[in-house]
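Counting the sequence shown from 1 gives a position; our numbering is that position plus 3.
Reviewing the structure listed below.
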Amino acid sequence: MSSVAVLTQESFAEHRSGLAQQQVKVTALNSEEENDPPTYKEAFPPLPEKAPCLEAAQEPAGPWSKIRPIKASVITQVFHVPLEERKYKDMNQFGEGEQAKICLDIMQKTGAHLELSLAKDQGLSIMVSGKLEAVMKARKEIVARLQTQASATVAIPKEHHRFVIGKNGEKLQDLELKTATKIQIPRPDDPSNQIKITGTKEGIEKARHEILLISAEQDKRAVERLDVEKVYHPFIAGPYNKLVSELMQDTGTRINIPPPSVNKTEIVFTGEKEQLAQAVARVKKIYEEKANSFTVSSVSAPSWLHRFIIGKKGQNLAKITQQMPKVHIEFTEGEDKITLEGPTEDVNVAQEQIEVMVKDLINRMDYAEINVDHKFHRHLIGKNGANINRIKDLYKVSVRIPPDNEKSNLIRIEGDPQGVQQAKKELLELASRMENERTKDLIIEQKFHRTIIGQKGERIREIREKFPEVIINFPDPAHKSDIVQLRGPKNEVEKCTKYMQKMVADLVENSFSISVPIFKQFHKNIIGKGGANIKKIREESNTKIDLPAENSNSETIVITGKRANCEAARHRILAIQKELANITEVEVSIPSKLHNSLIGAKGRFIRSIMEECGGVHIHFPTEGSGSDTVTIRGPAQDVEKAKKQLLHLAEEKQTKSYTVDLRAKPEYHKFLIGKGGGNIRKVRDNTGARIIFPTSEDKDQELITIMGTEEAVKEAQKELEALIKNLDNVVEDSMVVDPKHHRHFVIRRGQVLREIADEYGGVMVSFPRSGTQSDKVTLKGAKDCVEAAKKRIQEIIEDLEAQVTIECNIPQKFHRSIMGPKGSRIQQITRDYAVQIKFPDREENPAPAAEPLVQENGEEGGEGKDGKDADPSSPKKCDIIIISGRREKCEAAKEALQALVPVTIEVEVPFDLHRYIIGQKGTGIRKMMDEFEVNIQVPAPELQSDIITITGLSTNLDRAKAGLLERLLLLQALRSFKLTVTVDPKYHPKIIGRKGAVITQIRTEHEVNIQFPDKDDESQAQDQITITGYEKNAGAARDAIMKIVGELEQMVSEDVTLDHRVHARIIGARGKAIRKIMDEFKVDIRFPQSGAPDPNCVTVTGLPENVEEAIDHILNLEEEYLADVVDNEAMQVYMKPSSHEESKAPSKGFVVRDAPWATVNNEKAPDMSSSEDFPSFGAQVAPKTLPWGPKR
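Listed below in structure tokens is the structure:
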């Protein structure tokens, strides 16, 4: 009979009060024990005092006596090098020269400190300090580098050499370090037994002595080999080699037993002769004992059962070997027997146990073998072994599937007979199903494979979930194969094929790509500020747009996506370029059959026309389109020039085109082309042939192509061959250049000379070495090139002699603007006018203006002391820009610099229109600033000013002013029509939307301004919304607002009572749960604020049917959550109050007896807050402050 105890609230309270009484008793007992605190000396043992005598010192000194003394880690050794052994005797002054350098090097290498001194006998004394290892290394270096070296040989038996070397050469290294010598031991294949020692006389003697000692020690040792059958080796070694280790320790002999993997029976003994004999005798004794009491037996067991006999991790076998550790059990793979070796009695017992185990396994285990084509094996295994592991776990069997490299069809199943049959049946069914399945190869370009698989395999996972019976295999990326294999039931494979083909078709459609050549200077405008323009084009056209890198020479923008979308994006990008520059577009009709010949190999011919005509863009239609239209785009003048050349070339191709290839060294090309293309233009004008030089991208840099009529080409070829022949005729010439000009040519690593060499066919110009007073300059190269280079050098000298320096005064605040991004503007002026421009250093702390100079000692301060007061009107040093070059070029460069100084103009714009010019979040004004490259400053609203200032280059100001006035006229036209809509104020927040999203969309879509009444302004009608803009747009915006109002008027609001305790759960973390409900039911739900009269009242607003559904949903949630709340509150009654709620007795702190302040002397207890009584480490003690001030 059992009894049940019911715990009520009252009984639980009694139980707690009983526990409380017991706790009080325990506390009382503990307090009695605590009444006897430790003494002061027990708690704080004193430090030991210095022992007065030896006996006292030997006595234990309390807890501090256990501390061990610390040994010094730094040692000092002194070495002496006699005069006759010193390497560096002939020195002018001690402590200098090579010897001092060597000492410094040794100190740096070893970390030891060296001090050298010279003895009376001219010997060298060296004191070395540092760590032991560093001192030994330093000593070896000193002997090797400061002492003369001698050498000697010592002969010892060859078999003793290894004992001198030691394990891993450690003994040899130690010996070299100790004796400060170099010891060379012959290699094992060298028959010599001579060991060579190199070092000082003293070191050689020491090393020789040590080597002979090692050899003598080995002479005392002997070696003996004993042949013992392999089967007895484990008995000699013992468990974990314990027996042989004891034997080696007792006799001091080394015994080497070959490991089981080595098929040797010989045991080797090494040691002292007498001890070796003892060890051999003991091993023989063990062998004889075991040979007499040892037997070998075998048990028949099928080889497939062996692993079951051994058991998981050898568990079954371990049980036998633990009982009979002397028995050795061996399993041979492929044989149906088990071999047992050991003492006769133990072997018999083990044999019986194994036979019983084999009999039991044969009765309850079975195996089966099935043939399945090896190509299906991996499908039987499944992904990560899923299929085969399921079969193993389900039927409790073991399945062995041969690896792929064996190409075997045999699968073996082992385990419970019933499980084996079931597993066999299932595997055969799977194999049969696979044989009936269809395998289909789908050709998909490899570039799409990664996209189909998706990031982290997300997209392919979706396809596999859609077609679970189909196995999809992608080729290895390294194989570069396009074949994707599908396998599964026929119908499913067909469905999957269609689905994937549709996916590929979409990818192909979306991977259409076109290249748009855009002039490099307009790329930044296409990108826009912060990438705004390019982002907008990408989003609106749904394309991928790739721009070339900033430092790249490419002008091509690549657009990828659907064909129609790419064309739309291309049109928008070209429109931006057309807007920004005077770019014209011309279409030329050229038969499509000539297009390839006009473009040339890798675009060589067409590229030469584009470069010659100022970098225009020539666009041919795609091959196979059949279109004859070729588009030329660029500045009007260059487009016309390119058109003429293209038509002329096409005409030549149609009549009779002739082409010849010439070869010339790449360094000659610039000279053949000439400055600004002068030379080649002359040949072209004389002959009428077209000459094309290779670009830096071409592989063959020597190939020059001549194109045109046969007669013109041959004439041009003749002229060019003559020029090339002259260039091959190398001559040497010289000229006189004043030494004062030499530096100009060789500074900056000879940049000027490199430019001359590049321009004039690689001519070599050699200036005399610096320091010599020669004025002869040598030139070597082709005759024409040398003459042209001489002429160019003479021009440079004339420029240098005519060089002047002028000053340009521009306030420092404009310097950065003049320089341009990365100094681009100033570099352009330097190139255009061949001048040098130097900007002053920035003035970090400019002195405040109009400060009177202070007089000191009756003299005027500052610069007034020498009577040269600075003129306030004179330019500041930090404003002066220095320009050097020819006078006329300097003046032109000065004018160009002054033209870059920003200018400010004022434009009057009515104050009430400022906000519309600025635009939403400043978009309007930013767009104008980017478009006109100026800065536009709108006055602050509180100033109520009509003046807008525009700052920028004078060339841009007129355009910016015109643009601003145009915008003003547009705004005035927009504001000419106003429309007022009456809307109940309660709908205003919904019309505005979250963060103004709804109203912003209406404003943008209809291009109008919508003004809501100011809540704080009581004079305004609160239900009036004002729309300003074109009449048509304002009407459309009004309709959009009224549509929203119409929807809002259909809505109803209902109050529902929800227990305030569940509000937090319904709202969810950061309102996530309530937002989900509002989105699902398309309603608005408002919860009461804290302090509301009815905390349970919740308002639901929306269409009637949606409101009803939402209320039902939240009432269901309330019921569910309320049950949890009630359960939690019921549990709180039985919960123990938290520890911080229980009242705690005040702590008495740490108490000790017999403290110094509690003795008769009535010493005062130390003040722990005092920094004087308890000073902190490393900080100064602040003295006590006394009422009458500090002590003196």
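Heads up, the beta-carbon is just placed ideally off N, CA and C, and yes, glycines get one too.
Does DSSP classify residue i as helix, strand or coil?
| i | result |
| --- | --- |
| Lys668 | coil |
| Ser630 | coil |
| Cys616 | coil |
| Lys1250 | Any property of residue 1250 remains undetermined from this structure, which presents the chain solely from 4 to 1195. |
| Phe334 | strand |
| Val1154 | coil |
| Ala902 | helix |
| Leu1189 | Confidence at Leu1189 is low in this model, with a pLDDT of 48, below 50, so its placement is unreliable and the value that follows should be read with caution. DSSP places Leu1189 in coil when its eight states are reduced to three. |
| Glu1057 | strand |
| Asp369 | strand |
| Asp230 | strand |
| Thr156 | strand |
| Asn568 | helix |
| Lys1018 | coil |
| Ala1148 | Low confidence applies to Ala1148: its pLDDT is 48, below 50, so where it sits in the model is not reliable, and the reading given next is rough at best. Of the three classes helix, strand and coil, the one that applies to Ala1148 here is coil, per DSSP. |
| Gly133 | strand |
| Phe82 | strand |
| Met327 | coil |
| Lys112 | helix |
| Ala1072 | helix |
| Glu448 | coil |
| Gln947 | coil |
Determine which residues share a DSSP beta bridge with residue i and list them.
| i | result |
| --- | --- |
| Gly677 | Partner(s): none; Gly677 has no beta bridge. |
| Phe1198 | There is no way to answer for residue 1198, as the model of the chain reaches only from 4 to 1195. |
| Asn1012 | Thr1031 |
| Arg1089 | Thr1102 |
| Glu638 | One detail in the question is off: residue 638 reads as Pro in this sequence, not Glu. Beta-bridge pairing links Pro638 to Ile586. |
| Arg441 | Gly491 |
| Arg415 | Glu372 and Arg403 |
| Thr201 | Ser154 and Lys185 |
| Ser769 | Thr781 |
| Thr662 | Met710 |
| Pro346 | Phe297 |
| Lys386 | According to DSSP, Lys386 bridges with nothing at all. |
| Val591 | Val633 |
Compute the beta-carbon to beta-carbon distance between residue i and residue j, rounded to the nearest angstrom, for a pair I have assumed lies under 8 Å.
| i | j | result |
| --- | --- | --- |
| Arg610 | Thr690 | Contact flag wrong, Cβ pair sits at about 21 Å. |
| Lys1085 | Gly1105 | 6 Å |
| Glu429 | Ile404 | Going by Cβ atoms, the distance from Glu429 to Ile404 rounds to 14 Å, so no, they are not a contact pair. |
(request) Please list the segments of the alpha helix (DSSP H) lying wholly inside the stretch 456-518, counting only runs of 4 or more residues, in order along the chain. (result) Taking only runs of at least 4 residues, the alpha helix (DSSP H) segments lying wholly in the stretch 456-518 are 461-469 and 493-513.
(message) I want to know whether the stretch 1089-1104 touches the stretch 1036-1049 - three or more CB-CB distances under 8 Å.
(response) Here the stretch 1089-1104 does not lie against the stretch 1036-1049, with fewer than 3 beta-carbon pairs under 8 Å apart.
(request) Answer yes if the stretch 922-934 comes into contact with the stretch 954-971, meaning at least three C-beta pairs across the two stretches below 8 Å, and no otherwise. (result) Verdict: yes, contact present.
(message) For the pair the stretch 698-709 and the stretch 664-675, tell me if three or more CB-CB distances fall below 8 Å.
(response) Put simply, the stretch 698-709 touches the stretch 664-675. At least three CB pairs are less than 8 Å apart.
(request) Please confirm if the stretch 819-832 is in contact with the stretch 903-913, defined as three or more CB-CB distances below 8 Å between the two stretches. (result) Yes: the two stretches touch, three or more of their Cβ pairs being nearer than 8 Å.
(request) Say whether the stretch 335-347 touches the stretch 294-307, bearing in mind that this needs 3 or more beta-carbon pairs closer than 8 Å, one atom from each stretch. (result) Cβ pair count under 8 Å is three or more, so yes.
(request) Can you check the stretch 250-310 for any beta strand (DSSP E) of at least 3 residues that lies completely inside it and give the ranges in chain order? (result) Those beta strand (DSSP E) runs which fall completely within the stretch 250-310 and span 3+ residues are 257-259, 269-275 and 297-303.
(message) With three or more C-beta pairs closer than 8 Å as the rule, is the stretch 214-221 touching the stretch 259-272?
(response) Segment contact: the stretch 259-272 against the stretch 214-221, fewer than three CB-CB distances shorter than 8 Å; contact not assigned.
(request) Report yes or no: do three or more beta-carbon pairs, one from the stretch 220-232 and one from the stretch 198-208, lie closer than 8 Å? (result) The stretch 220-232 vs the stretch 198-208: no contact.
(message) Across the stretch 508-522 and the stretch 551-570, are there enough close Cβ pairs to call them in contact, namely three or more that are closer than 8 Å?
(response) Contact between the stretch 508-522 and the stretch 551-570 is present: 3 or more CB-CB pairs across the two stretches fall below 8 Å.
(request) Flag this pair as touching only if the stretch 77-84 and the stretch 123-139 have three or more C-beta atom pairs under 8 Å; answer yes or no. (result) Verdict: yes, contact present.
(message) As an exercise, report each continuous alpha helix (DSSP H) stretch of at least 4 residues that is fully enclosed by the stretch 684-736, in chain order.
(response) Runs found: 713-731.
(message) Which runs of the alpha helix (DSSP H) at least 4 residues long sit entirely within the stretch 510-565? Give them in chain order.
(response) Taking only runs of at least 4 residues, the alpha helix (DSSP H) segments lying wholly in the stretch 510-565 are 526-530 and 535-544.
(message) Check whether the stretch 1060-1070 and the stretch 1114-1129 touch, using three or more Cβ-Cβ pairs below 8 Å as the test.
(response) Enough Cβ pairs lie closer than 8 Å, so yes.
(message) Check whether the stretch 634-652 and the stretch 587-599 are in contact - that is, three or more C-beta pairs closer than 8 Å.
(response) Inter-segment contact for the stretch 634-652 and the stretch 587-599 is present: three or more beta-carbon pairs are separated by less than 8 Å.
(message) If contact is defined by three or more beta carbon pairs under 8 Å, each pair taking one atom from either stretch, is the stretch 488-500 in contact with the stretch 456-474?
(response) Per the Cβ contact rule, the stretch 456-474 is in contact with the stretch 488-500 (3 or more Cβ pairs under 8 Å).
(message) Does the contact criterion of 3 or more C-beta pairs under 8 Å hold for the stretch 940-957 versus the stretch 970-990?
(response) Contact between the stretch 940-957 and the stretch 970-990 is absent, with fewer than three C-beta pairs closer than 8 Å.
(request) Identify every run of the alpha helix (DSSP H) within the stretch 811-852, keeping only runs that are complete inside it and at least 4 residues long; order them along the chain. (result) Counting whole runs of 4 or more residues, the stretch 811-852 contains the alpha helix (DSSP H) stretches 818-822 and 827-836.
(request) Flag this pair as touching only if the stretch 108-119 and the stretch 155-174 have three or more C-beta atom pairs under 8 Å; answer yes or no. (result) By the C-beta criterion, the stretch 108-119 is judged not to be in contact with the stretch 155-174, since fewer than 3 inter-stretch pairs fall below 8 Å.
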